[in-house]
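**Student:** The structure's right below; bear with me while I get my questions together.
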Amino acid sequence: MNMIQAINSAMDVMMARDPDVIVMGEDVGYFGGVFRATAGLQAKYGKTRVFDTPITECGIIGVAVGMGAYGLRPVPEIQFADYIYPALDQLVSEAARLRYRSAGEFTAPITVRSPFGGGIFGGQTHSQSPEGIFTHVSGLKTVIPSTPYDAKGLLIAAIEDNDPTIFFEPKRIYNGPFDGHYDRPSKNWSAHPGGEVPEDYYRIDLGTANVVRAGNDVTILAYGTMVHVAMNTIETLGIDAEIVDLRSLVPLDIETIEASVKKTGRCVIVHEATRTGGFGAELSAQVQERCFHHLEAPIERVTGFDTPYPHSLEWAYFPGPVRIGDALKKVMKD
Amino acid sequence: MSDASRRSNLPPLALHVPEPKFRPGDAVDFADVTVPPVDAARRPDTSERADAFHDLAFGLVRVLDMDGTAGGQWNPRLSPDAMRRMLRNMALTRAFDERMFRAQRQGKTSFYMKSLGEEAVSIGAAAALADDDMCFPSYRQQGILLSRGCNLVDMMNQIYSNRGDKLMGRQLPIMYSEKDFGFFSISGNLTTQYPQAVGWAMASAAKGDTRIAATWCGEGSTAEGDFHSACTFASVYRAPVIFNVVNNQWAISSFSGFAGAEATTFAARAVGYGIAGLRIDGNDALAVYAATKWAAERARTNQGPTLIEHFTYRAEGHSTSDDPTQYRSAGEPNAWPLGDPIVRLRDHLIGLGEWDEARHAAMDKELSDQVKAAQKEAEKNGILGHGMHQPFDTMFEGVFEEMPPHLREQQAQMRAERASAGVTVGGNL
Numbered sequence: 013m014n015m016i017q018a019i020n021s022a023m024d025v026m027m028a029r030d031p032d033v034i035v036m037g038e039d040v041g042y043f044g045g046v047f048r049a050t051a052g053l054q055a056k057y058g059k060t061r062v063f064d065t066p067i068t069e070c071g072i073i074g075v076a077v078g079m080g081a082y083g084l085r086p087v088p089e090i091q092f093a094d095y096i097y098p099a100l101d102q103l104v105s106e107a108a109r110l111r112y113r114s115a116g117e118f119t120a121p122i123t124v125r126s127p128f129g130g131g132i133f134g135g136q137t138h139s140q141s142p143e144g145i146f147t148h149v150s151g152l153k154t155v156i157p158s159t160p161y162d163a164k165g166l167l168i169a170a171i172e173d174n175d176p177t178i179f180f181e182p183k184r185i186y187n188g189p190f191d192g193h194y195d196r197p198s199k200n201w202s203a204h205p206g207g208e209v210p211e212d213y214y215r216i217d218l219g220t221a222n223v224v225r226a227g228n229d230v231t232i233l234a235y236g237t238m239v240h241v242a243m244n245t246i247e248t249l250g251i252d253a254e255i256v257d258l259r260s261l262v263p264l265d266i267e268t269i270e271a272s273v274k275k276t277g278r279c280v281i282v283h284e285a286t287r288t289g290g291f292g293a294e295l296s297a298q299v300q301e302r303c304f305h306h307l308e309a310p311i312e313r314v315t316g317f318d319t320p321y322p323h324s325l326e327w328a329y330f331p332g333p334v335r336i337g338d339a340l341k342k343v344m345k346d
Numbered sequence: 021m022s023d024a025s026r027r028s029n030l031p032p033l034a035l036h037v038p039e040p041k042f043r044p045g046d047a048v049d050f051a052d053v054t055v056p057p058v059d060a061a062r063r064p065d066t067s068e069r070a071d072a073f074h075d076l077a078f079g080l081v082r083v084l085d086m087d088g089t090a091g092g093q094w095n096p097r098l099s100p101d102a103m104r105r106m107l108r109n110m111a112l113t114r115a116f117d118e119r120m121f122r123a124q125r126q127g128k129t130s131f132y133m134k135s136l137g138e139e140a141v142s143i144g145a146a147a148a149l150a151d152d153d154m155c156f157p158s159y160r161q162q163g164i165l166l167s168r169g170c171n172l173v174d175m176m177n178q179i180y181s182n183r184g185d186k187l188m189g190r191q192l193p194i195m196y197s198e199k200d201f202g203f204f205s206i207s208g209n210l211t212t213q214y215p216q217a218v219g220w221a222m223a224s225a226a227k228g229d230t231r232i233a234a235t236w237c238g239e240g241s242t243a244e245g246d247f248h249s250a251c252t253f254a255s256v257y258r259a260p261v262i263f264n265v266v267n268n269q270w271a272i273s274s275f276s277g278f279a280g281a282e283a284t285t286f287a288a289r290a291v292g293y294g295i296a297g298l299r300i301d302g303n304d305a306l307a308v309y310a311a312t313k314w315a316a317e318r319a320r321t322n323q324g325p326t327l328i329e330h331f332t333y334r335a336e337g338h339s340t341s342d343d344p345t346q347y348r349s350a351g352e353p354n355a356w357p358l359g360d361p362i363v364r365l366r367d368h369l370i371g372l373g374e375w376d377e378a379r380h381a382a383m384d385k386e387l388s389d390q391v392k393a394a395q396k397e398a399e400k401n402g403i404l405g406h407g408m409h410q411p412f413d414t415m416f417e418g419v420f421e422e423m424p425p426h427l428r429e430q431q432a433q434m435r436a437e438r439a440s441a442g443v444t445v446g447g448n449l
């Protein structure tokens, strides 16, 4: 399966298991979503469980919160993460705090799916990585898969979770892993172990990172598309790096991170989002707090730049193998 | 240097900034407020299409005349018992407000908001809705809780953020959450409850339930995007929801003109969405009851949403943190042409021979005593600021269903801080 099919399968499995799971969003119904992630679901589960919505993100999320308070488990789609900002108040002030402020009387068990990230020539309005905005908010969970297998297991866990979850889908790898070389032919998921996805139910608990490659020289912390780019980079450079795929930023599996950095003594953090105040800053601080005496070199961050995502200069902006390689060489020098 | 000199034959543009008619010191004359006779508004069948009665979004549905007689097509012809219950609930709301307002002034809590002058809005609606219909209120609908029999002591515990507060002191006073009374958790961010009410109503419809939702916001916050998103959603899916816009003329110090009142009515917002719209006399409990009953019937028979503008007046400040003498004429509350909702229903009942001044005075005394007794009881659980009423550990509970590691770690840090400072139970660091 590719990642879109895996995500579709997760919703299919959950809708079959639980009549309270509903899917809503712009174009998700008859058409099955602009990325086809919800294809076939309306035909299978009917229009009251899978339906198109008006183009109002604050409405989509606000309505989902109300449905959640009723007792449903809505899985709203925001067509691109770049469009999530009109819904920010409903996510930050409402969904995230409902359980706390009502002392558990009302909850918002919603899973907001949204394609995010660049590398598809989407310009500044179809390329952003806003995960840092959500990880800063108490009461929201933020999940980002890097393979079809993980996407299905994590999405099922998110839908089953009773807290509001932001599920960001790295759209650059919807159809296949990406090694960071935009000028090479694309691969597809069929040759990748993460593309082997069972048809049935399984879950990956939120808050469990995955050591996708064991190594001794340096720990690379990454998620989404950047897991694959980092993997390719170390193989090209011949560095024995340990790569930790975070999979979920909140809750964060700090134990796995800590154990890895203490083992390798070096840490490079890679994400596509802009640098200042990004999640890399949080990771860097936590690693420093916990592993300072084990570090043999300063922590390096490899990120997007603090500019809007530029359309024609996309590949200069994208933190590709060269930028990651430079950071790795730098930490390996010490 | 602008380009204007090159186009000197054109008059300069001018920006219009709305201004209320009266400011402090001005004499008040509300002669321009049109108060039509009670028989002016027809009552459409609840199955009529919304576009067949647009006129009702621009008129004023009324039942009670200013002399206390009831009439017109909207007269719900309630039994004297039902009307006495509404009168009592309005009086209870006023007594409760009075007492809690004073408690705030005495430093027993941080904040309070009264609904003085607009009690009919929540009491009339609560009387017309079923008790299990879901309400998504704003902050001046405490009358719904009182109508539905919520315990006064519980409400006061919330206001005092004391150890009896089941919200564990997490919410600003009056931001109740009462699931058992069909009362959604109140948010301080305005009109966020509107799309939520629509979502709840859509869920109820999708599940083949029979319950409907109702929501309230002020006229000022109809400017919020959430309001318009909610109207779109409700219209598109014919959600069984009632939108209430409480037009009490003032959003803190901004008069209704800043939400668009100079251009049209708030009920007219419904027209553009194809939603049924009613503009009603919000100081007439019977009109509120009748309009809500009508809207509820539309919702329950899958005719979709209704938007009701309650034309009323906020006789008190916005909150205890507000001083209305600084921005509006002191004469306004008394000059308001639609009078006082309690006085109007009282006079109606007296006119029917079903009530009298002495019984009214006795009721006021009884309610005042009841509220006073509840206050005493609530204060046994503590008042805000006198020590910490909740175990400090609870700060970290309920952010998520299960506490994730980072919160467990921060909780442990707080325990350690307090232990090292020698502070165990109450008290601040």
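Order-wise, the sequence lines are chains A and B.
Sequence positions in the first sequence follow the working numbering and run 13 to 346.
Sequence positions in the second sequence follow the working numbering and run 21 to 449.
Note that beta-carbon positions come from the ideal geometry of N, C-alpha and C, so glycine has one too.
Values in this document were obtained by computation on a predicted structure and should not be read as measured data.
With DSSP as the reference, label B/C155 as helix, strand or coil.
**Tutor:** In this structure, B/C155 counts as strand in the three-state DSSP scheme.
**Student:** Is the beta carbon of A/G277 sitting closer than 7 Å to the one on A/H306?
**Tutor:** Cβ atoms of A/G277 and A/H306: closer than 7 Å.
**Student:** If we ignore side chains and look at the alpha-carbon of each, how far apart do A/K340 and A/T315 end up?
**Tutor:** Residue 340 of chain A is actually Leu in this sequence, not Lys. So the alpha carbons of these two residues sit roughly 13 Å apart.
**Student:** Three-state secondary structure (DSSP) at A/H305?
**Tutor:** Looking at A/H305 - three-state DSSP - the assignment turns out to be helix.
**Student:** With 7 Å set as the bound, which would you pick, yes or no: does the beta-carbon of A/A81 sit closer than that to a beta-carbon of chain B?
**Tutor:** So yes, A/A81 belongs to the interface.
**Student:** Does any residue of chain A bring its CB to less than 7 Å from the CB of B/D85?
**Tutor:** No, its Cβ sits nowhere closer than 7 Å to a Cβ of chain A.
**Student:** Between the Cα of B/A305 and the Cα atoms of B/G137, B/L30, B/V53, which residue gives the shortest distance?
**Tutor:** Of the listed residues, the one whose Cα sits closest to B/A305 is B/G137.
**Student:** If you follow the beta strand (DSSP E) that B/L327 is in, where does it begin and where does it stop?
**Tutor:** Unbroken beta strand (DSSP E) run through B/L327: 326-331.
**Student:** What is the DSSP secondary structure of A/K153, counted as helix, strand or coil?
**Tutor:** Strand.
**Student:** If you measure between the beta carbons of A/A120 and A/A107, is that distance less than 7 Å?
**Tutor:** It is a contact, given that the beta carbons lie within the stated cut-off.
**Student:** If you follow the beta strand (DSSP E) that B/S339 is in, where does it begin and where does it stop?
**Tutor:** From DSSP, B/S339 is part of no beta strand (DSSP E); its letter is neither H nor E.
**Student:** Apart from the five residues on each side of it in sequence, which residues of its chain come closer than 7 Å, Cβ to Cβ, to B/E397?
**Tutor:** Around B/E397: V173.
**Student:** Rounded to the nearest angstrom, what separates A/A51 and A/S126 at their Cα positions?
**Tutor:** Distance between the alpha carbons of A/A51 and A/S126: 15 Å.
**Student:** Leaving aside the five residues before and after B/M423 along the sequence, list all residues of the same chain whose C-beta is less than 8 Å from its C-beta, in chain order.
**Tutor:** Once the five neighbours on either side are set aside, the close Cβ partners of B/M423 are F416, E417, Q431.
**Student:** Cutting at 7 Å between CB atoms, please list the residues of its own chain near A/D252, excluding the five before and the five after it.
**Tutor:** Counting only Cβ-Cβ distances below 7 Å, and skipping sequence neighbours, we find G227, N228, D229.
**Student:** Please go through the same chain and pick out, in chain order, the residues whose beta-carbon is closer than 8 Å to the beta-carbon of A/T248, but skip the five residues on each side of it.
**Tutor:** Hits under 8 Å: P333, G337.
**Student:** Give the residues of chain B in contact with A/I178, contact being defined as C-beta atoms less than 7 Å apart.
**Tutor:** Near A/I178 there are no residues of chain B at all, since even the closest Cβ is about 14 Å away, more than 7 Å.
**Student:** Any Cβ of chain A within less than 7 Å of the Cβ of B/A271?
**Tutor:** Not an interface residue.
**Student:** Grab me the residues of A/G290's own chain with a C-beta within less than 7 Å of its C-beta, minus the 5 sequence neighbours each way, in chain order.
**Tutor:** Closer than 7 Å at Cβ, skipping near neighbours: G144, H283, T315.
**Student:** Is there at least one Cβ from chain A nearer than 7 Å to B/Q410's Cβ?
**Tutor:** No, B/Q410 does not count as interfacial toward chain A.
**Student:** So who's on the other strand from B/I300, going by DSSP bridges?
**Tutor:** In DSSP, B/I300 forms a bridge with B/V81, B/H330.
**Student:** May I ask you to report which of helix, strand or coil DSSP gives A/W201?
**Tutor:** Residue state, collapsed to three classes: helix.
**Student:** Please say whether A/P176 and A/I255 have beta carbons closer to each other than 7 Å?
**Tutor:** Against a cut-off of 7 Å, the Cβ pair of A/P176 and A/I255 comes out as no contact.
**Student:** Considering only residues of the same chain and omitting the five flanking positions on each side of A/N174, which have a CB-CB separation below 7 Å?
**Tutor:** Around A/N174: T119, P121.
**Student:** Helix, strand or coil: how does DSSP classify B/W236 here?
**Tutor:** B/W236 falls in the strand class under three-state DSSP.
**Student:** Pick out the complete alpha helix (DSSP H) segments inside the stretch 90-144 of chain B, 4 residues or longer, and give them in chain order.
**Tutor:** Correct list: 100-125.
**Student:** Using only the alpha-carbon positions, how far apart do B/I272 and A/L325 sit?
**Tutor:** Going by the C-alpha atoms only, they are around 49 Å apart.
**Student:** Can you tell which of B/G351, B/D342, B/A335 has the C-alpha that lies nearest to the C-alpha of B/I362?
**Tutor:** Measuring from the Cα of B/I362, the nearest candidate turns out to be B/A335.
**Student:** Could you tell me whether any Cβ in chain A is nearer than 7 Å to the Cβ of B/A432?
**Tutor:** No, B/A432 does not count as interfacial toward chain A.
**Student:** For B/N267, count neighbouring C-beta atoms within 10 Å of its own C-beta (all shown protein chains included) and say buried if the count is 16 or more, exposed if not.
**Tutor:** So B/N267 counts as buried.
**Student:** When every heavy atom of the ligand MG is checked, does at least one fall within less than 6 Å of the C-beta of A/T137?
**Tutor:** The model depicted lacks the ligand MG and carries no ligand whatsoever.
**Student:** Cα-Cα, which of A/D64, A/Y57, A/M26 is closest to A/F43?
**Tutor:** Among A/D64, A/Y57, A/M26, the Cα nearest to that of A/F43 belongs to A/D64.
**Student:** Beta strand (DSSP E) containing A/I266: first to last residue?
**Tutor:** From DSSP, A/I266 is part of no beta strand (DSSP E) but of the alpha helix (DSSP H) over 266-276.
**Student:** Does chain B have any CB closer than 7 Å to the CB of A/P263?
**Tutor:** Output row for A/P263: interface = yes.
**Student:** Does the stretch 184-201 of chain B come close enough to the stretch 233-248 of chain B to have 3 or more Cβ pairs within less than 8 Å?
**Tutor:** Verdict: no, contact absent.
**Student:** Which residue comes first and which comes last in the beta strand (DSSP E) that contains A/F128?
**Tutor:** Segment 123-128, the beta strand (DSSP E) holding A/F128.
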